[in-house]
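Participant:
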Amino acid sequence: MNKLKGGGSLPPRPSLPQLLKGFIGGTLGILCLCLLGQYSGVPWLMAPFGATCVILFAAPQSPLAQPRNVILGHLIASSVGLAALYTLGDSYIVMSLSVGVAIMAMQAFRAVHPPAGANPIIIILAGKSVVGLSFLFTPVLVGSVLLVITASIVNNYGAKDGWPVYWHGLGKKQD
Numbered sequence: 001m002n003k004l005k006g007g008g009s010l011p012p013r014p015s016l017p018q019l020l021k022g023f024i025g026g027t028l029g030i031l032c033l034c035l036l037g038q039y040s041g042v043p044w045l046m047a048p049f050g051a052t053c054v055i056l057f058a059a060p061q062s063p064l065a066q067p068r069n070v071i072l073g074h075l076i077a078s079s080v081g082l083a084a085l086y087t088l089g090d091s092y093i094v095m096s097l098s099v100g101v102a103i104m105a106m107q108a109f110r111a112v113h114p115p116a117g118a119n120p121i122i123i124i125l126a127g128k129s130v131v132g133l134s135f136l137f138t139p140v141l142v143g144s145v146l147l148v149i150t151a152s153i154v155n156n157y158g159a160k161d162g163w164p165v166y167w168h169g170l171g172k173k174q175d
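Quick note, the sequence shown lines up with residues 1 to 175 if you use the UniProt record's numbering.
#1: State the Cα-Cα distance for the pair lysine 160 and proline 12, rounded to the nearest angstrom.
#2: Of all the options Gln61, Ser9 and Ala47, which has the alpha carbon lying nearest to the alpha carbon of alanine 151?
#3: With C-beta atoms as the reference, is valine 131 less than 8 angstroms away from leucine 64?
#4: Please look up how many angstroms separate the CB atoms of alanine 47 and isoleucine 122, rounded, as I've assumed it's under 8 angstroms.
#5: Tell me which residue opens and which closes the alpha helix (DSSP H) that phenylalanine 23 is part of.
#6: Note down the Cα distance separating glycine 37 from leucine 31, rounded to an integer number of angstroms.
#7: Would glutamine 84 be called buried (16 or more neighbouring beta carbons within 10 Å of its own) or exposed?
#8: Valine 148: which of Val42, Ser15, Asn69 and Ala111 sits nearest, CA to CA?
#9: Rank Gly41, Gly8 and Thr27 by C-alpha distance to the C-alpha of threonine 138 and give the top, closest one.
#10: I'd like the list of long-range same chain contacts for alanine 59, defined as Cβ closer than 8 angstroms, with 5 residues on each side in sequence excluded.
#11: Excluding the five sequence neighbours on either side, which residues of its own chain have a C-beta within less than 8 angstroms of the C-beta of methionine 95, listed in chain order?
#12: Using the C-alpha atoms, what's the distance from aspartate 90 back to aspartate 175?
#13: Cβ of histidine 113 within 8 angstroms of Cβ of glycine 73?
#14: Compare the beta carbon distance of phenylalanine 23 and serine 78 with 8 angstroms and say whether it is the shorter of the two.
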């Protein structure tokens, strides 16, 4: 009964170890960011990191879950959001355009990470009084690197194939 209307089928059920890696990875990743933010007084967490955890721990072999995509995707999209906010303001048009530009830039740099598409929205809604250039360092850079480190530990535990599939755009299986 896994057949879909278009003739395809549902993906196979995840194994118990896969389910546990999703649970443990998501829990540990977000908990670490929360605790570090609490103890440092600096924000380490932003909402798109929850979606990043889904990709990192439920679909770790996806190109969207590779360190390059996670880290650069968040940096690119946040940079676009900050540039838009500080040069064009905080209108709905600016917000809409910044999401489109962020997607285009992630594609151009071959670092597409869907959760990062929300970063310009968060930045523009928060506004200049809340978000400055330091936002690129923390939570964006430091938070995404911490999630990648967590994924490296969790996804490689008991795994036959190592994670990540690639770091810099040169996949292991390229011709």
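Each residue gets a CB set at the ideal place from its N, CA and C atoms; glycine is no exception.
Facilitator: So, to answer that:
#1: 18 angstroms
#2: Gln61
#3: no
#4: 7 angstroms
#5: 16 to 40
#6: Taking C-alpha positions only, glycine 37 is separated from leucine 31 by approximately 10 angstroms.
#7: The sequence shown places alanine at residue 84, rather than the glutamine named in the question. With 16 or more Cβ atoms within 10 Å of its Cβ, alanine 84 is classed as buried.
#8: Asn69
#9: Just measuring C-alpha positions, the residue of Gly41, Gly8 and Thr27 sitting nearest threonine 138 is Gly41.
#10: Apart from sequence neighbours up to five positions away, the residues of its chain that approach alanine 59 with a beta-carbon distance below 8 angstroms are Ala65, ordered along the chain.
#11: Ala84, Pro120, Ile121, Ile124 and Leu125
#12: Bear in mind that a pLDDT of 35 at aspartate 175, under 50, signals an unreliable position, so the model cannot answer this.
#13: yes
#14: no
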